[in-house]
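What follows is a set of notes on a single structure, which appears directly below.
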Amino acid sequence: MRKNLSAGLLMYRLHPQGSGEVQFFLVHPGGPYFTKKDKGWWGIPKGLPQEGEALLPCAVREFEEETGIRPGGPYLALESIKQKGGKTVWAWAFAGQWQEQQGIQCNTFRVEWPYKSGNWQHYPEVDQARWFAYPEAIAYINAAQIPFLDRLLEQLGYTSPFISNQNTKV
Numbered sequence: 001m002r003k004n005l006s007a008g009l010l011m012y013r014l015h016p017q018g019s020g021e022v023q024f025f026l027v028h029p030g031g032p033y034f035t036k037k038d039k040g041w042w043g044i045p046k047g048l049p050q051e052g053e054a055l056l057p058c059a060v061r062e063f064e065e066e067t068g069i070r071p072g073g074p075y076l077a078l079e080s081i082k083q084k085g086g087k088t089v090w091a092w093a094f095a096g097q098w099q100e101q102q103g104i105q106c107n108t109f110r111v112e113w114p115y116k117s118g119n120w121q122h123y124p125e126v127d128q129a130r131w132f133a134y135p136e137a138i139a140y141i142n143a144a145q146i147p148f149l150d151r152l153l154e155q156l157g158y159t160s161p162f163i164s165n166q167n168t169k170v
């Protein structure tokens, strides 16, 4: 398992009211560290590949583990980005459906909180999921992941003003 590499999926849909607007499915990390962090902390469901696991199967597995939603292709390659901490993230996109009232189901992790307190607790890997339109998505997503949104829009045939220029908000 390489800790400086992860793979994820970006689920998208066209706005259900028929406006043609693309919406992006993003998740918020769970756990006590992220409780009061919102804008800039959302992202695509992603995770670390297991030993010998190819990146696309890893992305599919991680998406299902973090959301409880079984993704289905075809998958559009969105290439990779490098996050602030140096981690390289590879991503693919797929068209999918999810209703917010369904909620999400995800794995949990165990952490000592507060740190060095001896109090070990279980937290969900993901504590929220939502559909976002592009202007809102770029305000909430980890800034390093904005190129995934832009690349998807380009592949779907959208052009300016929907696409940001080098992470600049539109």
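If you count by the UniProt record's numbering, then the sequence shown holds residues 1 to 170, one letter each, in order. Note that the Cβ used here is the ideal one computed from N, Cα and C, for glycine as well. All values reported here derive from a predicted model rather than from experimental measurement.
**Request:** Quick one: which unbroken alpha helix (DSSP H) runs of 4-plus residues sit fully inside the UniProt domain "Nudix hydrolase" (2-154)? Chain order, please.
**Result:** 55-67 and 134-140
**Item:** Integer Cβ distance of residue 149 from residue 92, believed to fall under 8 Å
**Value:** In fact, because the Cβ distance is near 13 Å, the residues do not count as touching under 8 Å.
**Message:** Among 47, 130 and 53, whose alpha-carbon lies nearest the alpha-carbon of residue 39?
**Reply:** 130
**Prompt:** Are residue 126 and residue 30 closer than 7 Å when you measure CB to CB?
**Reply:** yes
**Asked** How is residue 164 classed by DSSP in three states: helix, strand or coil?
**Response** For residue 164, the pLDDT reaches just 46, beneath the cut-off of 50, and the residue's location in the model is therefore unreliable, leaving the point undetermined.
**Message:** Relative to the C-alpha of residue 133, which candidate in 63, 51, 24 and 44 has its C-alpha closest?
**Reply:** 24
**Prompt:** Between 159, 77, 83 and 153, which lies nearest to residue 142 when the distance is taken from Cα to Cα?
**Reply:** 83
**Prompt:** residue 55 and residue 90: beta carbons closer than 7 Å?
**Reply:** yes
**Asked** Using CA coordinates, which residue listed in 114, 26, 2 and 87 is at the minimum distance from residue 175?
**Response** Limits of the chain in this structure are 1 at one end and 170 at the other, which puts residue 175 out of reach.
**Prompt:** Out of curiosity, what's the CA-to-CA distance linking residue 44 and residue 152?
**Reply:** 13 Å
**Prompt:** What's the gap between the Cα of residue 139 and the Cα of residue 145?
**Reply:** 11 Å
**Message:** Using a Cβ-Cβ cutoff of less than 8 Å, which residues in the same chain neighbour residue 19 once the five nearest sequence positions on both sides are dropped?
**Reply:** none
**Message:** Here's a check: name, in chain order, each residue in its chain whose Cβ is nearer than 8 Å to the Cβ of residue 41, leaving out the five neighbours to either side.
**Reply:** 28, 29, 34, 140 and 142
**Item:** Of the residues 77, 4 and 67, the one placed nearest residue 108, counting alpha carbons only
**Value:** 67
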